[in-house]
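Chains as they are written, first to last, in my numbering: chain A, 1 to 344; chain B, 1001 to 1344.
Number of protein chains: 2
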Amino acid sequence: MTRKKAGGHGPTIFDVARAAGVSYSTVSRIANNYEFVKPTTRERVEAAMRELGYVANVQARSLAGGRSQVIGLLVYDLASSYLVEIVRGIDDELSQLDYDLMLSTTHRRKHKEASVVSRLAQGVVDGLLIVLPRNLEAYVADLSQQHFPYVLIDYTGGDRASNAVRATNRVGGQAATDYLVGLGHRRIGCITGPLSVGCAQERLDGYAAALQAHGLAYDPALVVDGDFLEPSGHTALRTLLTLDQPPTAIFASSDSMAIGAIRAAAEAGLRIPADLSIIGFDDIPEAAADAVALTTIRQPLQEMGRIAVRLLIEHIENPDLPSSHIELPTRLIERNSCAPYRAG
Amino acid sequence: MTRKKAGGHGPTIFDVARAAGVSYSTVSRIANNYEFVKPTTRERVEAAMRELGYVANVQARSLAGGRSQVIGLLVYDLASSYLVEIVRGIDDELSQLDYDLMLSTTHRRKHKEASVVSRLAQGVVDGLLIVLPRNLEAYVADLSQQHFPYVLIDYTGGDRASNAVRATNRVGGQAATDYLVGLGHRRIGCITGPLSVGCAQERLDGYAAALQAHGLAYDPALVVDGDFLEPSGHTALRTLLTLDQPPTAIFASSDSMAIGAIRAAAEAGLRIPADLSIIGFDDIPEAAADAVALTTIRQPLQEMGRIAVRLLIEHIENPDLPSSHIELPTRLIERNSCAPYRAG
DNA sequence: GTCCACTTTGCAAGCGCTTGCAAAGCGGGC
DNA sequence: GCCCGCTTTGCAAGCGCTTGCAAAGTGGAC
């Protein structure tokens, strides 16, 4: 604790001011693109900055009320490719806009989230991107009240006051089920995500709606809970296969679960898609890479990240903008995991 | 630019001091775990902190010479699972140690790296983790000179002054090749990574060494350049298959390239492993998930991230520690992509 | 030449915190 | 009961920057 910060090394605004023969506030103004500066002065100062290799101290700037040019990203963890895809989109967009990224994973320690949020909102970051599935009303309310800019990604159930970016989950679930029905399937199983998570519920709703639209009964025995992760897809399929009349097609609410289900099917000696059709949701990179290339409903994950960033930065730059909810379309990607129904 | 920071909202150290009836420095000392504080005072102040929901302002703390409890991570981009795995390890360890992560991707914009580094080193972060394949001598020298703590991950060729964590690439390449020879293969192809990157060269060296150890000639025609990414593995294998005497086994210097190669082999009508054995390097998640489960040399990627974090934090807490180079062992993971050589 | 309305620059205060220094408390030995 | 040395607390300065306010400069209209 006695060590002096390494920071003391670089040139400060004062050094630049001295070198350019102006006051430090002039330097600050130039660094912040203030308009009323004589062009010759500006040039002189910029030359001095270049020469000294001046880099503004972000802490000081932000403490004094400026921007940090950092945006925060709050995610659950990095375990699923789904998240990594979103992060890629975010990172990509951010780097083009000259912002830095601060990544915080909450690792299911709910109690930590609130303090992380309040710390970040104190000026460490200029805005917050949040990809957490549930129960964020508490700090979201705080943020709103403080007029701190934030965007919710893939969160269903936020109030109208929040900026949000998500995909058309219900429509996607319906499209997946429609597709299976179109192939002639009548007993269609569904492996859901955790139903406390909005998008999982919406996908299930889409499934149910499609069934109804085609005059098929909703059979609760065909609907098994999962948690979006691969092992739960594996388990769920095994459960479904124990049924007297097992399904001939499955809609899995995430690709990871679909991949788990495919594995379970293979273990049970079923051929995909000949004996069992499976459709996923997300279109993570593994979906295309797997042995059986997975037919799935694509969510534009990277795109969601990119759009969230743009939305956030608009709101950082113009705090009075009304909040917006953006819904991105999902799309059916046909690969090799589904086939027409064959009796028997 | 006129908007006042949202930061003004939370309670400050002064509010806590007033509430607890002590001076602000006492509060600061308690927040920093200073030892000479009367237990009853400590309790009173901690109660006040809890009650007010006090969260230290990182900017101010770091500006005043304290720690930011943030460590920076500099990576090329997030495109490859290899990196994501390392990041997972880092994130995991960090969150247990109560540090935050600031992620910067350089996206091959070399010129940006230097300014990113100098900004971060000014106090935004307490230390730096660097996963960049090449040419970092310039700022690494700066960092060393400033006594700013940093750790290089998977970088070969750093000087002895840097902390570094890496895997035994040469030994791994040798083990892979040994294994193939042990299966009876004599014509063994090698798909390399970019040879300007240290670890790619080392793996190739291992390949050559194993060949020599077994009295096999090194045939340059069997060695094709790749760039660690999947498409280059695909291309490389096609090149190898045009040879008069194509190889019967391949050592790919990354799993992604191995997967690309497997795909190319399948397109050429070859069965893996019956007609062609392929071994990879890394053991990324896709390796196990692919249609043909990939035999590979595992690098303990998450472990590398974790160890790097621990090393970095040791050095942050004790700046005078001598630097250390840690080399983690690679290990052969047998799956289904390699088979004994069958003549014909 | 004077005055006014800009434009351009400088000064000072303050963002919330850490920490060296010094003052105040406290307990034990005599 | 007093002194000494330790523990405990407070004060002030300062980290590098932004920004409101006011002073200084500039140019055109009269």
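Glycine is no exception: its CB is placed at the ideal position from the N, C-alpha and C atoms. Predicted, not measured: the structure shown is a model, and the values here were computed from it.
Neighbouring residues, chain B, relative to LEU103/A (Cβ below 9 Å): Residues of chain B passing the Cβ test: LEU1073, VAL1087, ASP1091, ASP1100, LEU1101, MET1102 and LEU1103.
For THR239/A, the residue or residues it bridges with in DSSP: Partner(s): none; THR239/A has no beta bridge.
Using only CA atoms, which one of THR1295/B, GLY1260/B and GLU1317/B lies nearest to ILE1279/B? With distances taken between CA atoms, ILE1279/B lies nearest to THR1295/B out of THR1295/B, GLY1260/B and GLU1317/B.
Relative to the alpha-carbon of ASP255/A, which residue among THR40/A, ARG18/A and LEU83/A has its alpha-carbon at the smallest distance? Out of THR40/A, ARG18/A and LEU83/A, LEU83/A has the C-alpha closest to the C-alpha of ASP255/A.
Which first and last residues belong to the alpha helix (DSSP H) in which GLY280/A is found? Unbroken run through GLY280/A is the beta strand (DSSP E), 277-282; no alpha helix (DSSP H).
Is there a Cβ from chain B that is less than 8 Å from the Cβ of ARG119/A? Interface annotation, ARG119/A: in contact with chain B, CB-CB separation under 8 Å.
Inspect the beta-carbon positions of GLN1174/B and ALA1209/B and report whether they are closer than 8 Å. Taking 8 Å as the cut-off, the Cβ atoms of GLN1174/B and ALA1209/B count as close.
Does ILE307/A come out as helix, strand or coil in the three-state DSSP assignment? Helix at ILE307/A.
Could you round the C-beta distance between GLN69/A and ASP98/A to whole angstroms and report it? I think they count as a contact, below 8 Å. Right, their Cβ atoms sit about 7 Å apart.
Excluding the 5 residues flanking PHE148/A on each side, which residues of the same chain have their C-beta closer than 6 Å to its C-beta? Taken in chain order, the residues that qualify are ALA121.
Only counting the same chain, and skipping five residues up and downstream in sequence, which positions put a Cβ closer than 7 Å to that of ALA1114/B? Closer than 7 Å at the Cβ level, and outside the excluded window around ALA1114/B, lie ALA1138 and TYR1139.
If you measure from the beta carbon of SER974/B to each beta carbon in chain A, is any gap under 8 Å? No answer is possible for residue 974/B: it lies beyond the span of chain B, which begins at 1001 and ends at 1344.
Listed from N- to C-terminal order along the chain, which residues in the stretch 230-250 of chain A have their beta-carbon within a distance smaller than 7 Å of any beta-carbon of chain B? Residues of the stretch 230-250 of chain A with a C-beta less than 7 Å from any C-beta of chain B: none at all.
With DSSP run on the structure shown, which of helix, strand or coil describes THR1296/B? Here THR1296/B carries a strand assignment [DSSP, helix/strand/coil].
Do we get a CB-CB distance below 8 Å when we pair ASP1290/B with the residues of chain A? It does; some Cβ of chain A falls within 8 Å.
Taking Cβ-Cβ distances below 7 Å as the criterion, which residues of the stretch 195-219 of chain A are in contact with chain B? Cβ contacts with chain B come from no residue of the stretch 195-219 of chain A.
Skipping 5 residues on each side, what residues in its chain have a beta carbon closer than 7 Å to that of PRO1247/B? Excluding sequence neighbours, PRO1247/B sits near ARG1187, ILE1188, GLY1189, LEU1222 and LEU1240.
Tell me which residues share the same chain as ARG1029/B and place their Cβ nearer than 7 Å to its Cβ, disregarding the 5 neighbours each side in the sequence. Only residues of its own chain outside the window of five on either side were considered, and among them VAL1037 have a CB closer than 7 Å to the CB of ARG1029/B, listed in chain order.
Measure the C-alpha to C-alpha separation of ARG160/A and SER323/A and round it to an integer number of angstroms. If I take the Cα positions, the gap works out to 8 Å.
Assuming GLY233/A contacts ALA274/A (C-beta within less than 8 Å), just tell me the rounded distance between them. Taking C-beta atoms under 8 Å as the contact rule, GLY233/A and ALA274/A fail to qualify, at a distance of about 20 Å.
Through-space distance from LEU270/A to TYR1076/B, alpha-carbon basis: Approximately 42 Å between the Cα atoms of the pair.
Proximity of VAL165/A and MET304/A at Cβ, strictly below 8 Å: Yes, the pair counts as a contact, with Cβ atoms nearer than the cut-off.
Does the distance from the CB of THR192/A to the CB of SER253/A come in under 8 Å? Their beta carbons are under 8 Å apart, which means THR192/A touches SER253/A by this criterion.
If we ignore side chains and look at the alpha-carbon of each, how far apart do LEU1183/B and HIS1214/B end up? LEU1183/B and HIS1214/B have their C-alpha atoms some 13 Å from each other.
If we define contact as Cβ-Cβ less than 8 Å, is GLU286/A a contact residue for chain B? Cβ-Cβ to chain B under 8 Å: yes for GLU286/A.
Selection of the stretch 47-70 of chain A by Cβ proximity to chain B, strictly under 7 Å: Listed by position, the residues of the stretch 47-70 of chain A near chain B (Cβ gap below 7 Å) are VAL55, ASN57, VAL58, GLN59, ALA60, SER62, LEU63 and GLY65.
Output yes or no for whether 8 Å exceeds the beta carbon distance between ILE1272/B and SER1337/B. Here ILE1272/B is near SER1337/B, since their CB atoms are less than 8 Å apart.
Return no unless some Cβ of chain A is closer than 8 Å to the Cβ of HIS1107/B. Yes, its Cβ sits closer than 8 Å to a Cβ of chain A.
Whole-number beta carbon distance between PHE251/A and GLY172/A, since they are thought to touch under 8 Å: That belief does not hold up - the Cβ atoms of GLY172/A and PHE251/A are roughly 10 Å apart, past 8 Å.
Given a limit of 7 Å on CB to CB distance, which residues of the stretch 111-138 of chain A reach chain B? So the close ones are SER115, SER118, ARG119, ALA121, GLN122, GLY123 and VAL124.
Looking at C-alpha atoms only, which residue of ILE1313/B, ILE1333/B, GLY1123/B and LEU1243/B is the closest neighbour of LEU1063/B? Its Cα nearest to that of LEU1063/B, the residue GLY1123/B stands out among ILE1313/B, ILE1333/B, GLY1123/B and LEU1243/B.
Check whether chain B comes within 8 Å of VAL84/A, counting only Cβ atoms and requiring the distance to be less than that. It does; some Cβ of chain B falls within 8 Å.
Considering only residues of the same chain and omitting the five flanking positions on each side of ASN32/A, which have a CB-CB separation below 8 Å? Same-chain partners within the cutoff: GLY66.
Put ASN1169/B into one of helix, strand or coil per three-state DSSP. Residue state, collapsed to three classes: helix.
Starting from ARG1331/B, follow the beta strand (DSSP E) in both directions and report where the run begins and ends. For ARG1331/B, the uninterrupted beta strand (DSSP E) segment begins and ends at 1331-1333.
For LEU1128/B, which of helix, strand or coil comes out of DSSP? DSSP places LEU1128/B within a strand segment (E or B) once states are collapsed to three.
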